[in-house]
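Asker:
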Amino acid sequence: MTRQWLTAVTCVLCLAFVAFAPTAGLSQAVYGGIFGTVTDPTGASVPGAKVTITSVGQGTTTEVTTNAAGNYTVTRLIPGKYNVRAEAAGFKAFEATDIEVFADVSNHR
Numbered sequence: 021m022t023r024q025w026l027t028a029v030t031c032v033l034c035l036a037f038v039a040f041a042p043t044a045g046l047s048q049a050v051y052g053g054i055f056g057t058v059t060d061p062t063g064a065s066v067p068g069a070k071v072t073i074t075s076v077g078q079g080t081t082t083e084v085t086t087n088a089a090g091n092y093t094v095t096r097l098i099p100g101k102y103n104v105r106a107e108a109a110g111f112k113a114f115e116a117t118d119i120e121v122f123a124d125v126s127n128h129r
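Each number in the numbering used here comes from the position in the sequence shown (counting from 1) with 20 added on.
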């Protein structure tokens with residue numbers, strides 16, 4: 021009889037673990053990103069420009085280079101304010117400050 025009781029307790033414990041097991045749910049984004057195109061004063065794209073993105077709050081930086089179309093993308097940024105600086109040989113550097121990055125937002129203006 022003791023053996024049957026242990027089996028029943030084991031089955032109840034198994035059911036309890038299944039009942040409290042984590043379930044798959046909708047995930048939320050915890051990161052944001054910055055993307056853009058570097059252009060010259062005439063509107064032509066600037067390939068090979070260095071783009072530096074600096075977190076205002078943390079002081080960390082990420083550097084990327086624009087592609088052939090002048091585009092750049094930086095993802096997995098922690099929400100907060102960032103400064104974006106673009107520079108290329110023969111051009112004056114451009115900087116945009118206090119760009120707000122949000123997480124889990126599909127359209128922010």
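By construction, the Cβ of each residue, glycine as well, lies at the ideal position given by its N, Cα and C atoms.
Taking 8 Å as the cut-off, decide whether the C-beta atoms of His84 and Val71 are in contact.
Answerer: A quick correction: the sequence has Val, not His, at residue 84. Yes; because the gap between Cβ atoms is below 8 Å, this pair is in contact.
Asker: Val121 and Gly56 look like a contact to me (Cβ under 8 Å); what is the Cβ gap, rounded to whole Å?
Answerer: With 8 Å as the limit, Val121 and Gly56 do not qualify as a contact, their Cβ atoms being about 13 Å apart.
Asker: Note down, in chain order, each residue of its chain lying with its Cβ closer than 8 Å to the Cβ of Asn87, except the 5 sequence neighbours on either side.
Answerer: Closer than 8 Å at the Cβ level, and outside the excluded window around Asn87, lie Pro67.
Asker: Taking Cβ positions, are Ala106 and Ala69 nearer each other than 8 Å?
Answerer: In contact: Ala106 and Ala69 (Cβ atoms closer than 8 Å).
Asker: So, is Ala109 buried or exposed, given that buried needs 16 or more other C-beta atoms within 10 angstroms?
Answerer: By the 10 Å Cβ count, Ala109 comes out exposed.
Asker: Considering only C-alpha positions, which residue in the set Ala89, Arg96 and Thr82 is nearest to Val104?
Answerer: Val104 has its Cα closest to that of Thr82, out of Ala89, Arg96 and Thr82.
Asker: Got a sec, what are the start and stop residues for the beta strand (DSSP E) Tyr102 sits in?
Answerer: Residues Gly100 to Glu107.
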